[in-house]
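Chemist: The following block contains the structure, expressed as structure tokens.
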Amino acid sequence: MGIKNLHKLLRKWENVIQERNIQDFAGKKIAIDISILVYQIVIAIRNTGTDLVNTNGDITSHLLGIFNKTISMLEKGIYPVYVFDGKPPNMKNSILKSRREQRKKAKLKMKQADNKEDKIKYFKRSVVVTKKQLNECSQLIQLMGIPVVNAPQEADSQCAQLAKDGLVYGVSTEDMDILTFGSPRIIRNLSSKKKEIIQIDLEKILKKLELNYLQFIDLCILLGCDYCTTIPGIGMKKAYQLIKQFGSIETFIESLNETDIKKEYENLNKSLVPENYNYRNTSNYFQNPIVKDSKQINLQWTEPDYDKILEFMVSQFGFNKSKIQKGIARLRRAYNSLNKNNKQIPHYIC
DNA sequence: GTGGTCC
DNA sequence: TCGTCTGTCTCAAGACCAC
DNA sequence: TGAGACGGACGAA
């Protein structure tokens, strides 16, 4: 879900949101939240109204998608790192619960739908990516020689940590809260063919908006994030204005005790701070999420195990042999080309 | 370039 | 009237290949 | 699921 309206707010400053070409990322290491990617792939394939299913009745859409996508990234010279979710933090419980309910509703509506269009619409909304499917993706990715990081909690914050510690150049995601977690860089629409690729640097945001990192976190909390409720009557304009005026949510709320300011803001917009407004915990979570220490992580891109990929995809999951062989040939070329370039630049910058 | 197909 | 917030609606979300 | 477009609501100037 990310940060509400952050993208919209940032558009008001020039050069904060930068347009990029895919070639700009050649030779760069990019962290990717796998679950978002898999969701996108499975939903897109559901356009036709069905999943890809093998003779055992197992869904295989995710594997085909990850296989193709990984090859195409390597062909473009990108070194992907796939990050898997662990156990979600308690702070996210309410959001996860509402998502589950939404899916349940969608499933029901799908059954009740009386035309094909509605059926597909709700079919897509009721997508669930299972642990088993993610494990299968992990196996395939590792056979392809791509590093995998298993986050203790959220993949988001783990991706941000990898970027913060310089293990990757940036994070490819649509989720703006990667910046709130302190990633120096977000790359949006990296694998989109229709939308422009954009890059947003945290440092540029702080400089242009004249905020420090803690103030930026407070701004994101005011705008609205996954972990905290919002204050009614405060949208993107007032959120930025308040942080500039008071410096922090803390100071703003304390100032509300001073009668003149309290009066001013109550008269202005009737905004009242919610009773259980846990902005402190939220800020703390953005600053110190539970992540794996980068010192324990050794990212290595190794030669794919071509035979095992063939065995995995064809024998185990029933994919068409010649199609997979074609993919493997592309993979081999991409790997060799990356390997060659990599040798020329022994200490290339991530 | 587009629509059908991938399993 | 203007600015701002908010709710509602809509759309599209992969990759390859044959034609 | 999200993000953009759009119109309505509401207070300020």
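Under full-length UniProt numbering, think of the first position of the first sequence as 1, with each following residue one higher.
Every residue gets a Cβ at the ideal spot worked out from N, C-alpha and C, and that includes glycine.
#1: For Gln18, which of Asn342, Gly224, Gln199, Tyr277 has the nearest alpha-carbon?
#2: Less than 8 Å separating the beta-carbons of Gly170 and Ile187?
#3: Which of the three DSSP states, helix, strand or coil, is assigned to Asp201?
#4: Taking only runs of the alpha helix (DSSP H) that begin and end inside the stretch 302-336, which ones reach a length of at least 4 residues, in chain order?
#5: Closer than 7 Å: is that where the CB of Leu202 sits relative to any heavy atom of the ligand GTP?
#6: Going by Cα to Cα distance, which pick from Asn56, Asp156, Gly65, Thr55 is closest to Arg46?
#7: Looking at C-alpha atoms only, which residue of Ile309, Lys8, Leu179, Ser315 is the closest neighbour of Gln287?
#8: Got a sec, what are the start and stop residues for the alpha helix (DSSP H) Ser61 sits in?
#9: Compare the C-alpha of Gly86 against each of Phe67, Lys131, Glu117, Val42 and name the closest.
#10: Would you tell me roughly how many angstroms separate the C-alpha atoms of Asn267 and Trp13, rounded to the nearest one?
#11: Could you check what DSSP says for Gln18 in three-state terms: helix, strand or coil?
#12: Can you give me the Cβ contacts of Asn54 inside the same chain, cut-off strictly under 6 Å, excluding the 5 residues immediately before and after it?
#13: Apart from the five residues on each side of it in sequence, which residues of its chain come closer than 6 Å, Cβ to Cβ, to Pro274?
#14: Answer with buried or exposed for Arg185, where buried requires no fewer than 16 other C-beta atoms within 10 angstroms of its C-beta.
#15: Which residue's Cα is closest to the Cα of Lys308: Gln325, Ile297, Ala151?
#16: Is the separation between the beta-carbon of Ala155 and that of Arg125 shorter than 8 Å?
#17: State the start and end residues of the unbroken beta strand (DSSP E) segment that holds Arg188.
#18: Could you give the C-beta distance for Leu162 and Val81, rounded to a whole number, given that I count them as a contact under 8 Å?
#19: Is DSSP giving Phe84 helix, strand or coil here?
#20: So, is Asp226 buried or exposed, given that buried needs 16 or more other C-beta atoms within 10 angstroms?
#21: Using 8 Å as the threshold, is the C-beta distance between Ala329 and Glu75 below it?
#22: Short of 8 Å in beta carbon distance, which residues of its chain neighbour Lys119, apart from the five on each side in sequence? Order them along the chain.
#23: For Asn68, which residues from the same chain have a beta carbon less than 8 Å from its beta carbon, with the 5 sequence-adjacent residues on both sides left out?
#24: If I follow the unbroken alpha helix (DSSP H) through Met135, where does it start and stop?
#25: So, for Ile71: in the same chain, excluding its five sequence neighbours on each side, which residues have a beta-carbon less than 7 Å away from its beta-carbon?
#26: Under the three-state reduction of DSSP, which class applies to Tyr279: helix, strand or coil?
#27: How about Ala31 and Val127: do their beta carbons lie closer than 8 Å?
#28: In this structure, how does DSSP classify Ile345 when only helix, strand and coil are distinguished?
Modeler: The structure says:
#1: The shortest C-alpha separation from Gln18 is found at Gln199.
#2: Gly170 places its beta carbon less than 8 Å from that of Ile187.
#3: strand
#4: As far as the stretch 302-336 is concerned, its whole alpha helix (DSSP H) runs of at least 4 residues are 306-310.
#5: The ligand GTP is absent from the structure shown, which contains no ligand whatsoever.
#6: Gly65
#7: Leu179
#8: 61-75
#9: Lys131
#10: Note that Asn267 has pLDDT 49, beneath the 50 cutoff, so the model's placement of it is unreliable and the number below is only indicative. For Asn267 and Trp13, the distance between alpha carbons rounds to 30 Å.
#11: strand
#12: Hits under 6 Å: Thr60, Phe317, Gly318.
#13: Thr229
#14: buried
#15: Comparing Cα-Cα distances from Lys308 to each of Gln325, Ile297, Ala151, the minimum goes to Gln325.
#16: In this structure, Ala155 lies away from Arg125, with their beta-carbon atoms at least 8 Å apart.
#17: Its beta strand (DSSP E) spans residues 185-188.
#18: The Cβ separation is near 7 Å, so the contact holds.
#19: It is a strand residue.
#20: buried
#21: no
#22: Gly49, Met110, Ala113
#23: Gly327
#24: The amino acid occupying residue 135 in the given sequence is Asn; Met does not appear at that position. It spans 131-143 - the alpha helix (DSSP H) in which Asn135 sits, taken as one unbroken run.
#25: Gly327, Arg330, Leu331, Ala334
#26: helix
#27: no
#28: Because Ile345 sits at a pLDDT of 47, beneath the cut-off of 50, its placement in the model cannot be relied upon, and the following sentence gives the value as read from the coordinates. Coil.
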